[in-house]
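Asker:
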Amino acid sequence: MKKFGVIGKTLSHSLSPQIHENFFEFYNVSGEYKKYEISDLSEFILFAKQNLDGFNVTFPFKEQILDYLDEISPLAKEIGSVNCVKVDGDKLIGYNTDFEGFKYYFDHFVNKDSISNALVFGYGGASKAIISVLKHLNVDFVVANRTLEKVPFDNKLSIEDANAQINHFDLVINSTSVGYNFDSIVSNCAYNENAKLIDINYEPYFTKFLKDGINLGLGVKNGLDMLIVQALQSFYI
Ligand code: ATR
Numbered sequence: 015m016k017k018f019g020v021i022g023k024t025l026s027h028s029l030s031p032q033i034h035e036n037f038f039e040f041y042n043v044s045g046e047y048k049k050y051e052i053s054d055l056s057e058f059i060l061f062a063k064q065n066l067d068g069f070n071v072t073f074p075f076k077e078q079i080l081d082y083l084d085e086i087s088p089l090a091k092e093i094g095s096v097n098c099v100k101v102d103g104d105k106l107i108g109y110n111t112d113f114e115g116f117k118y119y120f121d122h123f124v125n126k127d128s129i130s131n132a133l134v135f136g137y138g139g140a141s142k143a144i145i146s147v148l149k150h151l152n153v154d155f156v157v158a159n160r161t162l163e164k165v166p167f168d169n170k171l172s173i174e175d176a177n178a179q180i181n182h183f184d185l186v187i188n189s190t191s192v193g194y195n196f197d198s199i200v201s202n203c204a205y206n207e208n209a210k211l212i213d214i215n216y217e218p219y220f221t222k223f224l225k226d227g228i229n230l231g232l233g234v235k236n237g238l239d240m241l242i243v244q245a246l247q248s249f250y251i
């Protein structure tokens, strides 16, 4: 039996075991997929090398995991974040499947030619994959982050300034963890009338950020598509 799992700090809401167990069933694979809530990465790495075939990585380890990998795919290296690790003998190989997960929105929800600029709230592990997709698709973007110093390029705004200029953007993405607590990163919903909103959170199903958009008649998507697509790609790896 193949053994997989997901590591993170708090995983009580994680749907990953459910998703992967369905893949096992659909694709007739004998496998198990468990949640590993950890605080110490080095201890888990030893366990994984001896006991697992692979694991997914979520908050807050997507960047810290880089220090423990023997190989890293060119895409994950370019992004600077890893959410999928394959255990190959005693080697750990890192991949980024969040990239394909986020790109899916451009195949099914947003037409890149109708977007002149995007606003990304957040600059964490998931945000880096999102930004990489925007770069690959040649979509201009600005990043708004609470800790502005973390953002290593010029196209950045404070959360307050991004809110003040929100009507300039055709696509607004929340990749912060704000939303789980029924709060919204957007305090000024003066969007332009064609704006589309994506929240990478999915618990609650529609966050306040998305509910406000729905009330204005805007197109919105939660993070489930990204979660499922990244999981499927991880399953194939
Ligand atoms: P993930 O791997 O899920 O992307 P992460 O790397 O910890 O998680 O990133 C979390 C993001 O949410 C960061 O951009 C963080 O902002 P900081 O860089 O300033 O920490 C953002 N975030 C979390 N809580 C926030 C809050 N209360 N207000 C604004 N931004 C918040």
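All the letters of the sequence shown, read from the start, carry residue numbers 15 to 251 under the numbering used here. Using N, Cα and C, we set each Cβ at its ideal position, and we do this for glycine too. The structure presented is a predicted model; accordingly, all values stated were derived computationally and were not measured.
When you compare the region 66-78 with the region 114-122, are there three or more beta-carbon pairs, one atom per stretch, that lie closer than 8 angstroms?
Answerer: These segments do not touch.
Asker: What residues are listed by DSSP as bridge partners for GLY22?
Answerer: DSSP lists GLU51 as partners of GLY22.
Asker: Leaving aside the five residues before and after LEU83 along the sequence, list all residues of the same chain whose C-beta is less than 8 angstroms from its C-beta, in chain order.
Answerer: If we look at LEU83 and ignore the five residues flanking it on each side, its Cβ neighbours are VAL96, VAL99, LEU106, ILE107 and GLY108.
Asker: For GLU114, is the classification buried or exposed, using 16 other Cβ atoms within 10 angstroms of its Cβ as the cut-off for buried?
Answerer: That one is buried.
Asker: Just to confirm before moving on: does the CB-CB distance between ILE242 and ILE59 stay below 8 angstroms?
Answerer: No; because the gap between Cβ atoms is not below 8 angstroms, this pair is not in contact.
Asker: Taking 6 angstroms as the limit between beta carbons, can you name the residues of its chain near GLY1, skipping five residues before and five after?
Answerer: Summary: the structure shown does not reach residue 1, with the chain confined to residues 15 through 251, and so no result is reported for it.
Asker: For ALA143 and MET15, I'd like the C-alpha separation in whole angstroms.
Answerer: Spanning the two alpha carbons is a distance of roughly 31 angstroms.
Asker: Hey, would you say TYR205 sits closer than 8 angstroms to ASN181, going by beta carbons?
Answerer: In this structure, ASN181 lies closer than 8 angstroms to TYR205 by Cβ.
Asker: Which residue or residues does DSSP assign as beta-bridge partners of GLU213?
Answerer: In the sequence as presented, Glu is not what sits at residue 213; that position holds Asp. For ASP213, which the question treats as bridged, DSSP gives the partners ASN188.
Asker: Give a single yes or no on whether PHE18 has its beta carbon closer than 7 angstroms to a heavy atom of the ligand ATR.
Answerer: Checking every heavy atom of the ligand ATR against the Cβ of PHE18, none is found closer than 7 angstroms.
Asker: Determine which residues share a DSSP beta bridge with VAL243 and list them.
Answerer: Looking at the DSSP assignment, VAL243 forms no beta bridge with any residue, so it has no partner.
Asker: If you drop the 5 nearest sequence neighbours on each side, which residues of the same chain put their C-beta closer than 6 angstroms to that of GLN247?
Answerer: For GLN247, where only same-chain residues beyond five positions count, the Cβ hits under 6 angstroms are THR111 and GLU114.
Asker: Under the three-state reduction of DSSP, which class applies to ASN110: helix, strand or coil?
Answerer: Coil at ASN110, not helix or strand.
Asker: Any heavy atom of the ligand ATR closer than 7 angstroms to the beta-carbon of ALA245?
Answerer: ALA245: no, Cβ never under 7 angstroms from the ligand ATR.
Asker: Can you list, in chain order, the residues of its chain with a C-beta nearer than 6 angstroms to that of ASP104? Leave out the 5 residues immediately preceding and following it.
Answerer: Excluding positions up to five away in sequence, the list reads LYS63.
Asker: Could you check where the alpha helix (DSSP H) with GLY175 kicks off and where it finishes?
Answerer: The question names Gly, yet the displayed sequence has Asp at residue 175. Its alpha helix (DSSP H) spans residues 173-178.
Asker: Using 7 angstroms as the cut-off, classify the Cβ of TYR41 as near or not near the heavy atoms of the ligand ATR, replying yes or no.
Answerer: Not so, every heavy atom of the ligand ATR lies at least 7 angstroms from the Cβ.
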